[in-house]
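**Q** In the UniProt record's numbering, the protein residues as written are 1 to 224.
Glycine residues also receive a C-beta, built at the ideal position from the N, C-alpha and C atoms.
Sending over a structure as structure tokens; questions will come in a sec.
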């Protein structure tokens with residue numbers, strides 16, 4: 001109920017304020033399980049994608065956002081739940097495994113799951129190497145992967161900022177052709193299959209964003 005109410009209000013307001021350009025939205029299936037894999041420049045990425053996609057896209061968010069108290073805590077929790085986000089404890093050593101299980105449960109219900117293969121936000125604007133969790137989800141669930149290229153979201157909410165800037169910002173959301181891995185890696189060793197598929201996904205994202213490739217993995221700062 002909260003998601004239904006919030007999603008009827010937040011997207012029109014957000015589109016009116018920031019006016020993101022959207023390309024290739026027809027590539028997102030209107031029903032059935034799908035993995036939405038995007039580059040990651042800003043916290044606002046997890047807002048703009050659900051805002052422009054007409055179906056619910058579930059993202060994971062740090063559990064701290066769901067545990068606040070008082071009026072502010074209630075409003076913050078309502079905002080995140082209203083956008084369809086689910087809590088994850090990033091400081092738990094088992095969080096990575098738990099998040100994959102959560103994602104598979106979402107896909108098992110025929111819903112859309114959003115993921116950032118880079119793992120954390122790029123602080124220098126470059127595109128980092130993808131981690132293979134996205135391929136694990138695709139190969140395990142059989143769901144197609146829709147690559148997404150975001151540009152300009154770092155200008156709405158730069159890394160380190162706790163609130164978005166209001167007013168027109170040049171933001172573009174590009175959706176690429178779905179990558180379907182079901183049956184394509186039969187007989188390929190698991191590790192190799194995950195690496196090859198992840199690299200395919202990241203190459204598609206790079207083609208949508210035009211970002212410089214970092215050539216390595218991005219690490220989450222200790223204070224992030």
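When the distance is taken between beta carbons, is residue 113 closer than 8 Å to residue 205?
**A** To locate residue 205, count along the chain shown from 1; it is residue 205. To locate residue 113, count along the chain shown from 1; it is residue 113. No, these two residues do not count as a Cβ contact at 8 Å.
**Q** Hey, residue 272 and residue 24: beta-carbon distance below 8 Å or not?
**A** For the chain, the structure presents residues 1 to 224; residue 272 sits outside this window and is missing.
**Q** What residue range does the beta strand (DSSP E) around residue 127 cover?
**A** Within the chain shown, the letter at position 127 stands for residue 127. Taken as a continuous stretch (DSSP letters only), residue 127 belongs to no beta strand (DSSP E), as it is neither H nor E.
**Q** Sort 174, 146, 54 and 117 by Cα distance to residue 30 and report the nearest one.
**A** The residue you call residue 30 lines up with position 30 of the chain shown. The residue with the shortest Cα to Cα distance from residue 30 is 54.
**Q** Apart from the five residues on each side of it in sequence, which residues of its chain come closer than 6 Å, Cβ to Cβ, to residue 42?
**A** In the chain shown, residue 42 corresponds to position 42, counting from 1. Only 153, 154 and 157 meet the Cβ criterion.
**Q** So if DSSP puts residue 172 in a beta bridge, which residue, or which two residues, is it bridged to?
**A** What you label residue 172 is simply residue 172 of the chain shown in a count that begins at 1. Residue 172 is bridged to 21 and 151.
**Q** Kindly indicate which residue of 178, 120, 215 and 217 has the alpha-carbon position closest to the one of residue 138.
**A** If you number the chain shown from 1, residue 138 lands on position 138. Here the closest residue by C-alpha is 178.
**Q** Apart from the five residues just before and just after residue 32, which ones in its own chain have a Cβ nearer than 7 Å to its Cβ?
**A** Position 32 of the chain shown, counting from 1, holds the residue named residue 32. 110.
**Q** Are there 16 or more other CB atoms within 10 angstroms of the CB of residue 189, so buried, or fewer, so exposed?
**A** For the purposes of this step, residue 189 is taken as the residue at position 189 of the chain shown. Counting Cβ neighbours within 10 Å, residue 189 comes out exposed, since fewer than 16 surround it.
**Q** With distance defined between alpha-carbon atoms, name the residue in 125, 175 and 131 nearest to residue 119.
**A** The residue labelled residue 119 in the question sits at position 119 within the chain shown. Among 125, 175 and 131, the Cα nearest to that of residue 119 is on 131.
**Q** Are residue 28 and residue 134 touching if we call contact CB-CB under 8 Å?
**A** Within the chain shown, the letter at position 28 stands for residue 28. Within the chain shown, the letter at position 134 stands for residue 134. Taking 8 Å as the Cβ cut-off, residue 28 and residue 134 do not qualify as a contacting pair.
**Q** According to DSSP, is residue 80 part of a helix, a strand, or is it coil?
**A** Here the question's residue 80 lines up with position 80 in the chain shown. Helix, per DSSP.
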